[in-house]
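Peer 1: Everything in the sequence shown is counted per the working numbering, starting at 509 for the first residue and increasing by one.
Just so it is clear, CB atoms sit at the ideal spot from N, CA and C, and this is done for glycine as well.
Before I ask anything, let me first share the structure, which is written out below as C-alpha cells.
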Amino acid sequence: MNKQITIKDIAKEAGVSISTVSRVVNSSLPVKKETKEKVLKAIEKFNYYPDSLARSLRVGYTKTIGIIIPNIANPFFATIVRGAEDFLRSKGFSLMICNSDNNIVEEKKLFKTLIEKKVDGILYSGIGDHVENLINRNVKTVFIDRVIKNNKFSYVCSNNYNAMYKLLEYLYNSNHRKFIFISGQKEIFSAAERLRAFQDFANEYKIDYKIYEGEYTHESGLSVAKKIKNLPDVVVCANDLLAYGVIEHFKSKGLKVPNDVSVTGYDDIAFSKMFSPPLTTVKQPIYEMGKTAGEMIFTILSRKSDHTPVKQFENEIIIRESTRRRN
C-alpha cells in the first residue's frame with residue numbers, strides 16, 4: 509500500500525518548516541517567493557492535496573465561496589462568475605457554482621447545501637429575498653445585480669433604471685413613437701427596474717406602447733415575437749438574448765432590421781457587436797461587477813472593514829446598426 513503523503517513530507521522535501529507549508533497551502537500569511545516556489549514544487553511532485561474538510565475544522569474556514577446564479581449558460585452570468593473567480597482565485601479561494609434556473613424553491617435548496625458544506629460566504633444573484641434566513645444563520649453574503657435595502661448586506665449592481673430611461677429617450681429623439689417592450693421575469697430585480705423605467709418613460713412621453721413579459725433567453729424572444737401582430741417602430745428588449753430571438757423571427761418573416769423595425773437589447777454581451785445587424789444595447793461592466801463582488805466578500809471575510817460595502821455602476825448606451833433615425 510502506498511504511503512499517504514502528509515504535510516510533514518512536503519516540508520521535508522522543500523526543506524522548510526511545517527508552518528511554512530501551511531502558510532503556502534492556506535495563503536494565510538506572506539511567504540518569500542523562492543520559498544513558496546520550493547513548497548509548490550514539492551506539492552506538485554507528491555501530488556499533495558490537503559484534506560480541505562479537515563483543514564476547515566482546524567482553522568475555521570474552507571477557502572470556498574458559493575455562488576448562486578440563474579443560469580451559467582447565459583453569457584451575462586458566465587462573465588459575472590469569471591470576474592468573481594479570477595479575483596478569488598488570486599486570494600487562494602475556490603468558487604462553487606450553483607444554477608437555480610430562476611426557481612425560488614431550488615434557490616432555498618442551494619442555500620441549504622452551501623451552508624451544509626460550510627462555505628465561507630455566498631455570492632447571490634437570484635429572484636428570492638432570503639434576507640431573514642441569511643441573518644438568522646449569520647451567512648456572509650454579497651448580492652449581485654440587485655439592491656438590498658438592509659444595511660447588514662453588501663451588494664453590487666448597475667443603474668438599470670437610468671440606463672434604460674436614457675436608451676428610451678435616445679429612441680424617442682430618433683423619431684420612434686410606437687414601442688413594444690419585452691421585459692424579463694418581474695421577480696428579477698434588474699428586469700423589474702428596466703420595466704419600471706419603461707413605464708415611467710411611457711407615462712412621461714405619452715407614447716403608443718405594448719408590454720410583453722418574457723424570460724432572459726433567445727427562445728423567449730422568438731416566442732414573444734410571434735405574438736406581435738402590428739409592427740411597432742421599435743422593439744425594446746430587456747436583455748440581448750431576447751433581442752436575438754426577436755430579430756431572428758423578424759428575419760424569418762422577411763422583415764429588415766432596422767429598415768422595417770428597430771430592435772434594442774440590454775447587457776452588451778460579447779456576441780452583440782458581431783450579431784447581424786450589430787445590436788444597439790446598454791453596456792454593463794459585467795466582469796467588473798463579478799470582480800467587485802469577489803472583492804467585497806473577501807473584504808468581509810478578512811474583517812478589513814467595519815462598514816457594509818455597496819457599489820452601483822453606471823452603464824453606457826451603445827448605438828449600433830439595429831436602430832435607425834426614422835423619418
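(1) Go to residue 686, then tell me how far its beta strand (DSSP E) extends in each direction, as first and last residue.
(2) Mapping DSSP to helix, strand and coil, what is residue 616?
(3) Report the three-state DSSP secondary structure of residue 631 (helix, strand or coil).
(4) Kindly indicate which three-state DSSP category residue 824 falls into: helix, strand or coil?
(5) Looking at residue 615 and residue 629, is the spacing between their C-beta atoms short of 8 Å?
(6) In terms of residue numbering, what span does the alpha helix (DSSP H) encompassing residue 595 cover?
(7) For a quick check, are the C-beta atoms of residue 742 and residue 687 less than 8 Å apart?
(8) In whole angstroms, what is the alpha-carbon distance linking residue 711 and residue 721?
(9) Can you list the alpha helix (DSSP H) stretches of 4 or more residues lying completely in the region 662-726, in chain order?
(10) Take the Cβ of residue 705 as the centre, count every other Cβ of all protein chains shown within 10 Å, and call the residue buried at 16 or more, exposed below.
(11) In three-state DSSP terms, what is residue 621?
(12) Whole angstroms are fine: how far does the CA of residue 739 sit from the CA of residue 811?
(13) What did DSSP end up calling residue 763 once you bin it into helix, strand or coil?
(14) With a Cβ-Cβ cutoff of 8 Å, do residue 831 and residue 766 count as a contact?
(15) Given residue 819, which residues of its chain have a CB within under 6 Å of its CB, disregarding the five upstream and five downstream residues?
(16) Select from 552, 760, 777 the residue whose C-alpha is nearest the C-alpha of residue 581.
(17) Could you check what DSSP says for residue 574 in three-state terms: helix, strand or coil?
(18) When burial is assigned at 16 or more other CB atoms within 10 Å of the CB, is residue 774 buried or exposed?
(19) How would you write the range of the beta strand (DSSP E) that residue 651 sits in, first residue to last?
(20) Would a C-beta distance cut-off of 8 Å place residue 648 and residue 806 closer than the cut-off?
(21) Under 8 Å between the Cβ atoms of residue 603 and residue 623?
(22) Taking the C-alpha atoms as reference points, what is the distance between residue 670 and residue 781?
(23) Straight-line CA distance for residue 593 to residue 804?
(24) Less than 8 Å between the beta carbons of residue 729 and residue 749, yes or no?
(25) In chain order, what residues of the same chain lie with their CB nearer than 6 Å to the CB of residue 719, ignoring the 5 residues before and after it?
Peer 2: Answer, in terms of the structure:
(1) 686-691
(2) helix
(3) strand
(4) strand
(5) If you check the CB distance, residue 629 and residue 615 do not come in under 8 Å.
(6) 583-598
(7) yes
(8) 19 Å
(9) 668-681, 697-713
(10) buried
(11) helix
(12) 56 Å
(13) Assigned with DSSP and collapsed to three states, residue 763 falls in coil, not helix or strand.
(14) yes
(15) 664, 800
(16) With distances taken between Cα atoms, residue 581 lies closest to 777.
(17) Assignment of residue 574 by DSSP, reduced to helix, strand and coil, places it in the strand class.
(18) With 16 or more other Cβ atoms inside 10 Å of its own Cβ, residue 774 counts as buried.
(19) 649-652
(20) no
(21) With contacts defined by Cβ atoms closer than 8 Å, residue 603 and residue 623 do not form a contacting pair.
(22) Distance between the alpha carbons of residue 670 and residue 781: 22 Å.
(23) 13 Å
(24) yes
(25) 689
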